[in-house]
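Asks:
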Amino acid sequence: MGPGNARPVTTGAARDRDREHGHDADLDAPWPRGISRQATMRISDVLRALGQEFPSVSHSKLRFLEEQGLIDPVRTPSGYRQYSQADVERLRFVLTEQRDSYMPLKV
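In the working numbering, the protein residues as written are 103 to 209.
1. In or out: P175 buried (at least 16 other Cβ within 10 Å) or exposed?
2. Specify the secondary structure class of V176 as computed by DSSP and reduced to three states.
3. Quick one: any contact between the stretch 150–162 and the stretch 132–142, if contact means 3 or more CB pairs under 8 Å?
4. Measure from the alpha carbon of L167 to the alpha carbon of each residue in G181, A151 and L197, then state which is nearest.
5. Looking only at its own chain, which residues have a Cβ that is under 7 Å from the Cβ of A151, when we skip the five neighbours before and after it?
6. Helix, strand or coil: how does DSSP classify Q184 here?
7. Would S186 and R139 qualify as a contact pair, given that the criterion is a beta-carbon distance under 8 Å?
8. Could you tell me the alpha carbon to alpha carbon distance between Q200 and R144, rounded to whole angstroms?
9. Tell me whether Y182 is buried or exposed, calling it buried when 16 or more other Cβ atoms sit within 10 Å of its Cβ.
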C-alpha cells in the first residue's frame, strides 16, 4: 500500500471519457481518497498526530496494526517506517471503530 502501489487518478478529459464508459478511476484509488500518500512521517510523528484522540496508542500498537495488514508504511533503505497522511487517516478510522464500536480487527 505504499506510494508506488497507488493507482494514478485521472483528471479532466480522461476522467470524463472513463465515466462515459462506466468507469470512475477515483473509485479505483485506495481508501482514503484524495489524501496524500507521500510517506513523510516517522512513527513518532504519527503517535503525536493521534495522541490527543487516542492517548493509549503506542509504537507496538502501530506495528501490530501493520502486521494485521491495515497499513503498509514505506520502509527507508535503513528499514525505518515512514507513514503518509493517508496511513494516519486509515489508522484514525480503525482506532475510532475499535474504541467507539468495539469493532474487532477480524469480523
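We treat Cβ as the ideally placed atom computed from N, Cα and C, and that holds for glycine.
Replies: On the basis of the supplied data:
1. The residue given as residue 175 occupies position 73 in the sequence shown. Per the 10 Å Cβ criterion, buried.
2. Start at 1 with the first residue of the sequence shown, and residue 176 comes out as number 74. Correct three-state label for V176: strand.
3. no
4. Residue numbering aside, residue 167 sits at position 65 when the sequence shown is read from its first letter. L167 has its Cα closest to that of L197, out of G181, A151 and L197.
5. Counting from 1 along the sequence shown, the entry for residue 151 is found at position 49. V190.
6. As a position in the sequence shown, residue 184 is number 82, starting the count at 1. Correct three-state label for Q184: strand.
7. The residue labelled residue 186 in the question sits at position 84 within the sequence shown. The residue labelled residue 139 in the question sits at position 37 within the sequence shown. Yes; because the gap between Cβ atoms is below 8 Å, this pair is in contact.
8. Position 98 of the sequence shown, counted from the start, is the residue given in the question as residue 200. Position 42 of the sequence shown, counted from the start, is the residue given in the question as residue 144. If you take the alpha carbons of Q200 and R144, they lie about 23 Å apart.
9. For this step, residue 182 is matched to residue 80 along the sequence shown. Y182 is exposed by the Cβ-count criterion.
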